[in-house]
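Those sequence lines, one after another, are chains A and B. If you count the first sequence from 1, you need to add 151 to reach our numbering. If you count the second sequence from 1, you need to add 151 to reach our numbering. Backbone N, C-alpha and C define an ideal beta-carbon position, used for all residues, glycine too. Notes follow the structure.
Protein chains: 2
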Amino acid sequence: MGTAEATEETPGGDPNEASAWGEVAPEAARRLLVAAVEAFAERGYHATTTRDIAGRAGMSPAALYIHYKTKEELLHRISRIGHDKALRILESAADGAGTAADRLTDAVVTFVRWHAAHHTTARVVQYELDALGDEHRAEIVELRRRSDAAIRRIINDGVEAHEFDVPDIPGTTLAVLSLCIDVARWFNVEGRRTPDEVGALYADLVLRMVAAGA
Amino acid sequence: MGTAEATEETPGGDPNEASAWGEVAPEAARRLLVAAVEAFAERGYHATTTRDIAGRAGMSPAALYIHYKTKEELLHRISRIGHDKALRILESAADGAGTAADRLTDAVVTFVRWHAAHHTTARVVQYELDALGDEHRAEIVELRRRSDAAIRRIINDGVEAHEFDVPDIPGTTLAVLSLCIDVARWFNVEGRRTPDEVGALYADLVLRMVAAGA
């Protein structure tokens with residue numbers, strides 16, 4: 152998934168991806184999460200062993216078990232941090248000042264930027280949900296429900312203020328989130344657009360979807 | 152990925168997914184492709200062995216090798232058939248009669264319907280590109296370039312005919328394809344919308360993105 156070059160240049164992984172884990176301590180636990188994200192993204196969750204992850208982090212399997220009891224616990228931590236971040240971004244935009252169009256722009260720009268800048272992490276977070284245990288999966292589904300509610304709230308506000316014209320609010324909410332999330336699949340750091348440029352393009356397209364100003 | 156129930160009911164897999172492979176003969180080769188799609192979707196390409204695939208198809212590993220020399224050859228066949236189908240859908244819409252809005256609607260409705268009805272296959276086709284060998288990957292990238300060109304042609308025609316108002320044609324093309332492709336990630340056969348309903352919703356949203364009739 153294109154992380155090999157970054158890993159060679161920067162021990163401990165792509166600095167952009169690693170920056171997502173600043174809150175994880177101690178440093179060894181953080182290093183293991185970064186290694187797990189890279190391994191899951193390159194080979195898939197099921198093809199990755201805890202031994203692979205420990206090796207990438209330059210640690211022994213025994214040292215890994217001090218921090219994480221199972222491979223699923225690593226995936227859950229990654230998924231939880233990623234989904235918490237997504238929810239903070241979207242709720243902060245929904246709670247912001249300005250018109251519904253301003254808040255929707257803010258939500259799309261920051262959500263797209265996150266999925267572009269952290270595309271390796273985002274792919275793991277978005278594609279490996281089925282590998283979570285039932286309890287962890289239910290917890291993540293609830294965070295996703297709240298992310299959906301944040302966007303729906305902005306669109307609702309826009310419709311009530313006669314700023315937007317949206318016949319199907321749940322369907323449009325789904326499409327807005329889906330459009331932003333899929334950035335993680337196609338975004339290429341060597342591509343022609345920066346994360347901010349994709350954010351600006353997508354904010355314009357989403358305002359058209361809700362017929363803002365029409 | 153939710154194929155377990157379908158497999159129990161229907162030996163040989165979900166009939167919706169299996170219908171994508173009608174052109175593959177003999178029947179044993181087709182059965183192996185369907186088994187490979189299910190295994191790749193459930194466990195990922197790297198965690199799946201040719202032995203797993205043969206077992207799912209009720210065949211011996213030796214019988215598999217009569218039809219496919221390597222696991223990568225199976226993935227390539229799946230990806231090739233999926234991308235050929237996508238290209239046929241999009242070029243047929245681009246070559247169709249009617250206004251640019253009619254042709255764009257046709258493209259979105261049929262492309263979304265394929266990604267919803269064949270979501271298991273589509274996930275493998277869309278997410279396992281990096282596992283292809285260099286030559287096969289280049290072949291698939293070329294098919295994707297042509298799919299992109301089909302949508303871009305419709306949008307260009309609409310702009311030239313003053314039907315659409317699109318400041319960034321390549322970016323809008325990318326977003327339209329991305330929106331349709333991501334249906335494979337979230338679509339749930341037990342969800343509230345049928346493939347046709349998602350197609351109709353998305354066609355409306357895409358016409359808004361190009362400001363058709365504005």
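Contacts around B/Ala282, its chain only, beta-carbon distance under 8 angstroms, and the 5 residues preceding and following it disregarded:
Tyr196, His197, Glu223 and Leu226
Please determine, among A/Glu242, A/Gly350 and A/Gly173, the residue with the shortest C-alpha to C-alpha distance to A/Ile332.
A/Gly350
To the nearest angstrom, report how far apart A/Arg239 and B/Ala251 are at their CA atoms.
40 angstroms
Decide yes or no for the touch test of the region 282-302 of chain A against the region 293-302 of chain B: beta carbon pairs closer than 8 angstroms, at least 3 of them.
no
Using a threshold of 8 angstroms, state whether the C-beta atoms of A/Thr146 and A/Val340 are closer than that.
Residue 146 of chain A lies beyond the stretch modelled for chain A, which goes from 152 to 365, so this question has no answer here.
Reduced DSSP category for A/Pro177 - H, G, I as helix; E, B as strand; rest coil
coil
Using the three-state DSSP reduction, which class does A/Arg343 fall into: helix, strand or coil?
coil
Using the beta-carbon of each residue, which ones in chain B are nearer than 7 angstroms to A/His197?
Arg194, Gly195 and Ala198
Out of B/Asp308, B/Thr345, B/Glu311 and B/His270, point me to the one whose CA is closest to B/Ala171's CA.
B/His270
Below-8 angstroms beta-carbon distance, A/Leu184 vs any chain B residue:
no
Less than 8 angstroms between the beta carbons of B/Ala237 and B/Phe262, yes or no?
yes
Contact with chain A by B/Arg359, beta-carbon distance below 8 angstroms:
yes
Taking 7 angstroms as the cut-off, is the C-beta of B/His287 nearer than that to any heavy atom in the ligand ATP?
As far as ligands go, the structure on display features none, and thus does not contain the ligand ATP.
Since B/Gly322 meets chain A, which of its residues come closer than 7 angstroms, beta carbon to beta carbon?
Leu352
Would you grab the beta carbon distance between B/Val361 and B/Phe315 for me? Rounded to a whole angstrom, and I think it's under 8 angstroms.
4 angstroms
For a cutoff of 8 angstroms on Cβ pairs, would you count A/Asp333 as touching chain B?
yes
Integer Cβ distance of B/Trp337 from A/Ser329, believed to fall under 8 angstroms:
6 angstroms
With a cut-off of 8 angstroms on the beta carbons, I'd call A/Val357 and A/Val327 a contact; round off their distance for me.
5 angstroms
Please list, in chain order, the chain A residues whose beta carbon lies closer than 8 angstroms to that of B/Ala375.
The question about residue 375 of chain B has no answer, for chain B in this structure spans 152 to 365.
To the nearest angstrom, report how far apart B/Arg359 and A/Glu174 are at their CA atoms.
41 angstroms
Among A/Arg303, A/Ser211 and A/Ala335, the one whose alpha carbon lies nearest that of A/Glu320
This sequence places Ile at residue 320 of chain A; Glu is not what is there. It is A/Arg303.
Taking Cβ to Cβ, would you say A/Ile233 is nearer than 8 angstroms to A/Val185?
According to the sequence provided, residue 233 of chain A is Gly. The question's Ile does not apply to it. Contact: no.
Go ahead and pull the three-state DSSP assignment for A/Thr221.
coil
To test your reading of the DSSP string, which unbroken beta strand (DSSP E) runs of 3 or more residues are found completely within the region 262-300 of chain B?
none
Do we get a CB-CB distance below 8 angstroms when we pair A/Ala126 with the residues of chain B?
In the structure as shown, chain A starts at 152 and stops at 365, and residue 126 of chain A therefore has no counterpart that could be examined.
CB contact check: A/Asp203 to chain B, cutoff 8 angstroms
no
Excluding the five sequence neighbours on either side, which residues of its own chain have a C-beta within less than 8 angstroms of the C-beta of B/Gly247, listed in chain order?
Asp253, Arg254 and Asp257
State the DSSP-derived secondary structure class of A/Ala312, mapped to helix, strand or coil.
coil
Under the assumption that B/Ile204 contacts B/Leu215 (Cβ atoms under 8 angstroms), give the Cβ distance between them as a whole number of angstroms.
6 angstroms
Using the C-alpha atoms, what's the distance from A/Tyr219 back to A/Leu280?
18 angstroms
For A/Tyr353, does the three-state DSSP call read helix, strand or coil?
helix
Taking C-beta pairs closer than 8 angstroms, name the residues in chain A that B/Ala214 reaches, listed in chain order.
None at all; the shortest Cβ gap to chain A is about 25 angstroms.
Going by beta carbon distance, what residues of the same chain come within less than 6 angstroms of A/Arg274, once the five residues before and after it are set aside?
Ala192 and Ala335
So, with DSSP's three-state summary, where would you put A/Gly364?
coil
Quick one: which chain A residues come within Cβ less than 8 angstroms of B/Tyr219?
Those within 8 angstroms of B/Tyr219 in chain A number zero; the least Cβ separation is about 19 angstroms.
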